[in-house]
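Chemist: Below is one structure. I have some questions about it.
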Amino acid sequence: MNKLTWYASRQERSEATITILMDLIRELHEPNTAPLRELFAEYVTALSDESNSILIILNRLQLDSANCLIHHNITLTKENQARMQQIRKLSEIRYGN
Numbered sequence: 001m002n003k004l005t006w007y008a009s010r011q012e013r014s015e016a017t018i019t020i021l022m023d024l025i026r027e028l029h030e031p032n033t034a035p036l037r038e039l040f041a042e043y044v045t046a047l048s049d050e051s052n053s054i055l056i057i058l059n060r061l062q063l064d065s066a067n068c069l070i071h072h073n074i075t076l077t078k079e080n081q082a083r084m085q086q087i088r089k090l091s092e093i094r095y096g097n
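Structure below.
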């Protein structure tokens, strides 16, 4: 993932998140991860729709993915945990320094 600045545009954040989600979808092979793959596919579609706020989508994605992981007892590999951390960083907005 390219380093994005705190003032990155909606399109930059969206493209970076879609890339990460597609990587996650490709990496999740276990049968119990199907609900998470489906959730990520839904968010790829939502991120492609430019009428929605990227920050709201990213916040919902984090909540929905956490709920999915808990309800379906899914454990991510360290690499996939790092990808989820990258998505979390994309949703951060910093003001000032």
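Going by the UniProt record's numbering, the first residue of the sequence shown is number 1, and it counts up by one from there. Beta carbons are placed, not taken as given, at the ideal position from N, Cα and C, and that holds for glycine.
1) Indicate whether the contact test is met: 3 or more Cβ pairs, each with one atom in the region 6 to 21 and one in the region 42 to 53, closer than 8 Å.
2) Could you tell me how far apart the beta carbons of L36 and H72 are, in whole angstroms, since I believe they sit closer than 8 Å?
3) Just to confirm the assignment, what range does the alpha helix (DSSP H) spanning I54 have?
4) Exposed or buried, L90, counting other C-beta atoms within 10 Å across all chains shown (16 or more means buried)?
5) Tell me which same chain residues have a C-beta within less than 6 Å of the C-beta of S14, skipping the five on either side of it?
6) On the three-state DSSP scale, how would you describe S9?
Modeler: Well, looking at it:
1) yes
2) 7 Å
3) I54 to H71 is the span of the alpha helix (DSSP H), which, as asked, contains I54.
4) buried
5) L47 and I54
6) coil
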